[in-house]
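Novice: Going by the working numbering, 508 is the number at position 506 of the sequence shown; the sequence numbering is gapless. Quick reminder that beta carbons are idealized off the backbone N, C-alpha and C, glycines included. Note that this is a predicted model, so its numbers are computed, not measured.
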Amino acid sequence: MARRRRSRFNAKRCAAGRQVALGCSAALIATVGCVLTTGSPPEDAGAPVAVDTGQAEIALQVVESDYRRGNFAAASGRGDSLSLAWANQDLLRPLADRALSLAGRALEAQNLPGAAADRYGRLLARAPAGPLRDETLERLVRVLADTGREPEAVGVMLADPQALEAVGPDTFRELTSALTVAHLRDLADRHPPRTAAASIVHVQLARLLFVARESDEARRLAAGVLEGRPAEPERTTAELIAAAGTELSSGTARIGAILPLTGDLADVGELLREGIELAVDRHHLARPDGFDVALVLLDDESNPENTPSLVRSLERRGVVAIIGPLRSESFATATRARRNPRLPIISPTATEVLRPGPGSYTLDAGATRESDVAEALARWTIERLGLRRVGVLEPLGAGLGGGVRRFIRTIREHGGELVGHERYDPSLTTFQEPIEALAAVEPDVVFAPSPSATGVLSVAPQLFYYGLYNVIVLGSEAWADPAALRRLEEFATDHRVVGLTMDRVSAGTPWRRFVADYERKYRKSLRDNVIPALAHDATALALAALEGGRLPIPAALTAYLEEEPEVEGVTGLLRPETGRSVVHRATEIRMLVEGSPVDVDRGELLQWLAEVRGGPSPFAPRETVRADTLRRVRPR
Numbered sequence: 003m004a005r006r007r008r009s010r011f012n013a014k015r016c017a018a019g020r021q022v023a024l025g026c027s028a029a030l031i032a033t034v035g036c037v038l039t040t041g042s043p044p045e046d047a048g049a050p051v052a053v054d055t056g057q058a059e060i061a062l063q064v065v066e067s068d069y070r071r072g073n074f075a076a077a078s079g080r081g082d083s084l085s086l087a088w089a090n091q092d093l094l095r096p097l098a099d100r101a102l103s104l105a106g107r108a109l110e111a112q113n114l115p116g117a118a119a120d121r122y123g124r125l126l127a128r129a130p131a132g133p134l135r136d137e138t139l140e141r142l143v144r145v146l147a148d149t150g151r152e153p154e155a156v157g158v159m160l161a162d163p164q165a166l167e168a169v170g171p172d173t174f175r176e177l178t179s180a181l182t183v184a185h186l187r188d189l190a191d192r193h194p195p196r197t198a199a200a201s202i203v204h205v206q207l208a209r210l211l212f213v214a215r216e217s218d219e220a221r222r223l224a225a226g227v228l229e230g231r232p233a234e235p236e237r238t239t240a241e242l243i244a245a246a247g248t249e250l251s252s253g254t255a256r257i258g259a260i261l262p263l264t265g266d267l268a269d270v271g272e273l274l275r276e277g278i279e280l281a282v283d284r285h286h287l288a289r290p291d292g293f294d295v296a297l298v299l300l301d302d303e304s305n306p307e308n309t310p311s312l313v314r315s316l317e318r319r320g321v322v323a324i325i326g327p328l329r330s331e332s333f334a335t336a337t338r339a340r341r342n343p344r345l346p347i348i349s350p351t352a353t354e355v356l357r358p359g360p361g362s363y364t365l366d367a368g369a370t371r372e373s374d375v376a377e378a379l380a381r382w383t384i385e386r387l388g389l390r391r392v393g394v395l396e397p398l399g400a401g402l403g404g405g406v407r408r409f410i411r412t413i414r415e416h417g418g419e420l421v422g423h424e425r426y427d428p429s430l431t432t433f434q435e436p437i438e439a440l441a442a443v444e445p446d447v448v449f450a451p452s453p454s455a456t457g458v459l460s461v462a463p464q465l466f467y468y469g470l471y472n473v474i475v476l477g478s479e480a481w482a483d484p485a486a487l488r489r490l491e492e493f494a495t496d497h498r499v500v501g502l503t504m505d506r507v508s509a510g511t512p513w514r515r516f517v518a519d520y521e522r523k524y525r526k527s528l529r530d531n532v533i534p535a536l537a538h539d540a541t542a543l544a545l546a547a548l549e550g551g552r553l554p555i556p557a558a559l560t561a562y563l564e565e566e567p568e569v570e571g572v573t574g575l576l577r578p579e580t581g582r583s584v585v586h587r588a589t590e591i592r593m594l595v596e597g598s599p600v601d602v603d604r605g606e607l608l609q610w611l612a613e614v615r616g617g618p619s620p621f622a623p624r625e626t627v628r629a630d631t632l633r634r635v636r637p638r
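1) Counting only runs of 4+ residues fully inside the stretch 47-84, write out the alpha helix (DSSP H) ranges in chain order.
2) Taking the C-alpha atoms as reference points, what is the distance between LEU395 and ALA509?
3) Looking at C-alpha atoms only, which residue of ARG381, ASP162 and GLY326 is the closest neighbour of ILE278?
4) Just the Cα atoms here: how many angstroms apart are LEU181 and PRO153?
5) According to DSSP, simplified to helix, strand and coil, what is GLU565?
6) Tell me which residues share the same chain as ASP2 and place their Cβ nearer than 7 Å to its Cβ, disregarding the 5 neighbours each side in the sequence.
7) Determine the closest residue to ARG498 out of THR337, VAL205 and PHE466, with distance taken between C-alpha atoms.
8) Compare the Cα-Cα distances from ARG215 to each of VAL227, ALA225, ILE243 and GLY226 and report the closest residue.
9) Curious, which full-length alpha helix (DSSP H) runs of at least 4 residues does the stretch 142-229 contain?
10) For PHE493, which residues from the same chain have a beta carbon less than 7 Å from its beta carbon, with the 5 sequence-adjacent residues on both sides left out?
11) Flag this pair as yes or no: are the beta carbons of SER85 and LEU102 separated by less than 8 Å?
12) Along the chain, where does the alpha helix (DSSP H) that runs through ALA296 open and close?
13) Determine, using beta carbons only, whether ARG141 and GLY106 come nearer to each other than 8 Å.
14) Grouping DSSP H, G and I as helix and E and B as strand, with all else coil, what is ASP496?
15) Of all the beta strand (DSSP E) runs that stay within the bounds of the stretch 230-277, which reach a length of 3 or more residues?
16) Measure the C-alpha to C-alpha separation of PRO618 and LEU470 and round it to an integer number of angstroms.
17) Among residues of its own chain, excluding the 5 on either side of LEU189, which ones have a beta-carbon nearer than 7 Å to its beta-carbon?
18) Could you check which residue in SER460, LEU490 and LEU502 has the C-alpha nearest to that of GLY477?
19) Name the two residues that bound the continuous beta strand (DSSP E) containing HIS538.
20) Going by CA-CA distance only, name the one from THR511, ARG615, ALA75 and LEU186 that's closest to GLY574.
21) What's the gap between the Cα of ARG319 and the Cα of VAL313?
22) Quick check: what's the CA-CA separation for ASN342 versus ALA129?
23) With contact counted as at least three CB pairs below 8 Å, one residue from each stretch, are the stretch 220-234 and the stretch 521-529 in contact?
24) So for SER349, helix, strand or coil by DSSP?
25) List the whole-angstrom C-beta distance separating GLY571 from ALA542, where the pair is believed to meet the contact cut-off of C-beta under 8 Å.
26) Leaving out the 5 sequence neighbours to the left and right, which residues in its chain are closer than 7 Å to GLU234 when beta-carbon positions are compared?
27) For PRO451 and LEU280, I'd like the C-alpha separation in whole angstroms.
28) Can you tell me where the alpha helix (DSSP H) with ALA131 in it begins and where it stops?
29) Of the residues THR383, SER332 and GLU377, which one's Cα is nearest the Cα of TYR363?
30) Kindly indicate which three-state DSSP category HIS423 falls into: helix, strand or coil?
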């Protein structure tokens, strides 16, 4: 009888074991509370219930099975329950730690990083040294960093003597570089520089203070670091800061670049590479005692999806700035992929700014440049030339509407009068009707922007033939394009006024010097290709920031760029505009004479206007000009 009772009891135990293998035993669930399927930890269910080790292993295997099958909600809930039930039982504590780790991983998989970090933090507080603790530390630091909680991640590592070895010093430096001065001060106050991790924090704080011109405190922190035995590169940086007065201008710096060196855009990538290399060569010649710059060029294979990993790779290699990427979408992705938001990213060719972060700039802001040139021409017309009757001839569908609107608004704001605004279809071959309509209202000045040299070649002769031969024509930058000036007759270009940021025609300009250096280095003709020049100027801006920032760290370069300095480039006088994340180019007003842009002589220009209006018309020799028109344009 007793044997039958024992047999029935054993059968019940086997059945209970099978139930645990399938889910959780009813007794276990009753002990720890209902299985959780959310990110909230379970409530304490009271005194722990003894569970057989074999049963516990089976229960843990169920959680692992749920996790492997992608049933993450069940895995996190059961892992939490088992961890709570076993945490106070010495024999089962290792299994409890594994269960809590599984719960954290399952919560990560459910995109619940805050809940996952909570589980990893609790596990880190109780887990003994070993592989599970190291793995948990890595996971906690990564989750905190990925959710913008870098100060907490750094704090966790500072509090654990083994953390730097487990996570790695490069990762720790990357996290520290994203902290503000306030965060670093707080951590430095709580952690003296007695450990390698604390030394990294103190040196980073000293760097930022030095950049902010708080040199005395920076030197004090550096001296404190040197009292211990800091590792490299912290030792070298601390020595530089401790020994510095107010200037640092030498050392080694890496500048990274993300270029399409293979794939569909490889030809463009090669031109960009040449411009970058030439900028570094010229920097070394101009500043032989300055920073020794090393290039780190990475290939994105013409695939924007490679951008995030390449940005992280360059950060790990310690670059102080990134040149590129080529495309606008890649540029925006790169600014978001940075661990360090103070790492400057300067794209030579991104055509628009798609929600960039701080420290990011694009040189090829075409629409912005057109508007800036248009405004400069309008102000010059009213303030310097003194003529107020203005007309506009606008090409439809050419993307110049923003510039035209800016021109008209500026003219009116400064007391000018818009006497006519005509539009034409640039796909046609003749623009007689809009030009004659504009000539009929007798403007003194006509703004005739064009998007390209081809457009200028089409419209410039027609202005003369259809009646606008006796006005001052204002042209956009395309009017000074070498491809246009080489083919236009003087009657169509002489005494036209151009707003330009880059003179590619006159002798001795930055462009002509760049062409000579490029063709000498690469043994091939550059022609009118500006792509290498854009890459050169993006690099020149980073190099100017390196010299001006005085320290080879990203934060120093970004701080210098935020001061909006003017830097001479091949494509113009460059000024980074922090608010718009674009590089502004200063507009120069030039007059075309004999096919070249020259400085404007106001008296000569007005005299020319009076002569063409007072002399015979090229199409009607006996036509005279009204006296009031002559008085209006007579030089003052």
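Specialist: Considering the structure as presented:
1) 55-70
2) Locating residue 395 in the sequence shown gives position 393, where the first residue counts as 1. Locating residue 509 in the sequence shown gives position 507, where the first residue counts as 1. Cα to Cα, the separation comes out at about 31 Å.
3) On the sequence shown, position 276 is the one that residue 278 refers to. When each option's Cα is compared against that of ILE278, the closest is GLY326.
4) Working through the sequence shown from its first residue, we reach residue 181 at position 179. Working through the sequence shown from its first residue, we reach residue 153 at position 151. The alpha-carbon atoms of LEU181 and PRO153 are separated by roughly 7 Å.
5) Working through the sequence shown from its first residue, we reach residue 565 at position 563. If DSSP states are grouped into helix, strand and coil, GLU565 belongs with coil.
6) Absent from the structure is residue 2, since the part of the chain shown begins at 3 and ends at 638.
7) Counting from 1 along the sequence shown, the entry for residue 498 is found at position 496. Nearest option by C-alpha distance: PHE466.
8) In the sequence shown, counting from the first residue as 1, residue 215 sits at position 213. For the residues VAL227, ALA225, ILE243 and GLY226, the minimum Cα distance to ARG215 belongs to ILE243.
9) 152-161, 165-169, 171-178, 183-192, 198-213 and 217-228
10) Residue numbering aside, residue 493 sits at position 491 when the sequence shown is read from its first letter. Excluding sequence neighbours, PHE493 sits near PHE466.
11) In the sequence shown, residue 85 corresponds to position 83, counting from 1. In the sequence shown, residue 102 corresponds to position 100, counting from 1. Cβ distance < 8 Å, so SER85 and LEU102 count as in contact.
12) Reading the sequence shown from its first residue, position 294 is the one you call residue 296. Note, ALA296: premise wrong, no alpha helix (DSSP H); beta strand (DSSP E) at 293-301.
13) Indexing the sequence shown from 1 puts residue 141 at position 139. Indexing the sequence shown from 1 puts residue 106 at position 104. For ARG141 and GLY106, yes; Cβs fall inside 8 Å.
14) Against the sequence shown, residue 496 aligns to sequence position 494. It is coil, neither helix nor strand.
15) 253-261
16) Taking the first residue of the sequence shown as 1, we reach residue 618 at position 616. Taking the first residue of the sequence shown as 1, we reach residue 470 at position 468. So the alpha carbons of these two residues sit roughly 14 Å apart.
17) Here residue 189 refers to the residue found at position 187 of the sequence shown. Result list for LEU189: VAL156, GLY157, LEU160 and VAL203, in chain order.
18) Here the question's residue 477 lines up with position 475 in the sequence shown. Residue LEU502 is the option with its Cα nearest to GLY477.
19) Residue numbering aside, residue 538 sits at position 536 when the sequence shown is read from its first letter. That residue, HIS538, is in no beta strand (DSSP E); its alpha helix (DSSP H) goes 533-551.
20) One-based indexing of the sequence shown puts residue 574 at position 572. That would be THR511, whose Cα lies nearest to the Cα of GLY574.
21) Counting from one through the sequence shown, the residue named residue 319 turns up at place 317. Counting from one through the sequence shown, the residue named residue 313 turns up at place 311. Rounded to the nearest angstrom, the two C-alpha atoms are 10 Å apart.
22) Position 340 of the sequence shown holds residue 342. Position 127 of the sequence shown holds residue 129. Rounded to the nearest angstrom, the two C-alpha atoms are 31 Å apart.
23) no
24) Locating residue 349 in the sequence shown gives position 347, counting from the first residue. Residue state, collapsed to three classes: strand.
25) In the sequence shown, the residue the question calls residue 571 occupies position 569. In the sequence shown, the residue the question calls residue 542 occupies position 540. Between ALA542 and GLY571 the Cβ distance is about 5 Å, and since that is below 8 Å, they are a contact.
26) Counting from one through the sequence shown, the residue named residue 234 turns up at place 232. Here the set comprises nothing.
27) The residue labelled residue 451 in the question sits at position 449 within the sequence shown. The residue labelled residue 280 in the question sits at position 278 within the sequence shown. Using only the alpha carbons, I get a separation of about 33 Å.
28) By one-based count along the sequence shown, residue 131 stands at place 129. Careful: ALA131 lies outside any alpha helix (DSSP H) and carries neither H nor E.
29) As a first step, residue 363 must be located in the sequence shown, where it is residue number 361. It is SER332 whose Cα lies nearest to the Cα of TYR363.
30) Counted from its first residue, the sequence shown places residue 423 at position 421. In this structure, HIS423 counts as strand in the three-state DSSP scheme.
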